[in-house]
Structures are given as C-alpha cells and as structure tokens.
Amino acid sequence: MPVMYSFVAREPLTDCRRLLESLEPLEIAEQLKLLPVDSISSKKNKIKIVYIHNPNARFGGKAKVEVTLDRGRNSFRLNGKGPISFEVRLNCFNDALTIYFVVTGKLIDLVPEEKAREIFNKILDYITAKASTLGLLPRETGYALISEAPGHETALPVSTNVEPTAIPQQANIASSHEVGQTSAIVQQTPGLTDST
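Residue numbers (the working numbering): -3 to 192.
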C-alpha cells in the first residue's frame, strides 16, 4: 500500500524566470487527471478539481480538491488539498529548472504509480513545450536519471524535437534533462549531509 509518489526532474534553461511567468496554472491543473475528472474550475488564484472515485455510488463518490497557486520570483507551486493531495513545484536556480511532483492522500490506493508517472511526464512535456516556444531550451536535450527508488527503473521518452544521435549517453551530463523518482518528499542535497 503506497503512502505517496514523488518525482523530480531538472532542466537547464537560459532564462528560467521568464518561463515561470508564462506558465498558466489552469493548463497544468488540466494535466492532473489522477482519477477520472468530473469538473475543473478556476477563480482568481484558486482552482477546484472534482475527481470521481466511485462512479457507482448514488451519493458521494466524488473527491473535491482545492488547488492553490503560490508564485514567487524563482518559484511556482500548485498545491492540491483534499482526499487526493498533490504538489507541483518548480524552482529556478543557476539557470536550471527543478520540477517536483508529489501525490499523496487517503485515495492514493486508487492511483497506480504508472498513472502518477504518466502525469509527471505530461507536466514535463507541457513545461518543455512552453520553454521551447520561448526559446529557452539548449540545442541538445534528452532525459537522464537523477535518482530512483531501489528496484525501479525510470525510462522516459526523449523529446520529439531531438535527433537520437544528439542525446547524451551519460546520465550526469549538465546539459541533459534529468528525471528521477525519489522515495521521500525531501531529497537529501549533496554537500549538505555530514560525512561521519
């Protein structure tokens, strides 16, 4: 029985802040179809998603999730709270964008890990398309592994605008699109742990 799913990716970008300013919260929320969706509505900085978790129920069978937007100078965060909770967080630092996606809540058992990974990939595709439209992506882009839980293999497709010969073959190349799965909400940062 899973408690949560957590994914992280990093993309090198030349002007990360410009990308964060151009993101539309509702467009990202439309990607978050963790369960069948009854409705998605938006009002100011709040988005409401109604998921159907039991279509045969006469009353109820729906889960309402309130999504709030928190936009900072170097960050963008969509936080969904309800029976199924999630967080989509984007942070800019040193000409790189880090994307975090976490899913948890009472109804997490109804969301398979493959579905959560598929949604994470859709969010990555949306962000990559937006960055490409703005001309912020480096010429050579591919997916490379950051980290993953033991026993899992993360293999994500390469962007469609890249020739197969242009994809870096090593996982730790700074110009690659790095994707992985973490097993906890907070991932240890190299250099911040004591080496005793």
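For glycine and all other residues, C-beta sits at the position ideal for the given N, C-alpha and C.
Use the C-beta contact count for residue i: other C-beta atoms within 10 angstroms, 16 or more gives buried, fewer gives exposed.
i	result
Arg69	exposed
Gly57	exposed
Arg6	buried
Ala25	buried
Val(-1)	exposed
Phe3	buried
Ser81	buried
Phe55	exposed
Ala53	exposed
Phe116	buried
Phe97	buried
Pro153	Note that Pro153 has pLDDT 40, beneath the 50 cutoff, so the model's placement of it is unreliable and the number below is only indicative. Looking at its Cβ environment, which holds fewer than 16 other Cβ atoms inside 10 Å, Pro153 is exposed.
Given residue i, which residues of its chain have a CB within under 6 Å of its CB, disregarding the five upstream and five downstream residues?
i	result
Asn75	Thr64, Glu83
Lys111	none
Ala92	Arg6, Pro8
Lys77	Glu62
Ser35	Val46
His49	Leu31, Ala59, Leu103, Leu106
Report all residues from its chain with a CB closer than 7 Å to the CB of residue i; omit the five preceding and five following residues, and keep chain order.
i	result
Leu19	Phe72, Lys126
Ser38	Leu22
Pro79	Ala59, Gly101, Lys102, Leu103
With residue i as the anchor, note down where its alpha helix (DSSP H) starts and where it stops.
i	result
Glu7	Per DSSP, Glu7 belongs to no alpha helix (DSSP H); it is in the beta strand (DSSP E), 0 to 8.
Asn117	109 to 129
Leu194	Only positions -3 to 192 of the chain appear in this structure, which leaves residue 194 out of reach.
Arg14	12 to 18
Cutting at 8 Å between CB atoms, please list the residues of its own chain near residue i, excluding the five before and the five after it.
i	result
Leu130	Asp11, Arg14, Leu15, Ser18
Val107	Tyr1, Leu30, Leu31, Ile80, Val99
Lys42	Glu62, Val63, Thr64, Leu65
Is any non-hydrogen atom of the ligand NAP found closer than 7 Å to the C-beta of residue i, if you look at the structure I gave you?
i	result
Lys118	The ligand NAP is not among the ligands present in this structure, which contains no ligands whatsoever.
I need the boundaries of the beta strand (DSSP E) containing residue i, first residue and last residue.
i	result
Glu23	Premise fails: Glu23 lies in the alpha helix (DSSP H), 21 to 25, not in any beta strand (DSSP E).
Leu93	92 to 100
What residues match up with residue i in a beta bridge as DSSP calls it?
i	result
Arg73	Asp66, Arg85
Lys40	The partner list for Lys40 (beta bridge, DSSP) is empty, contrary to what the question assumes.
Ala59	Tyr47
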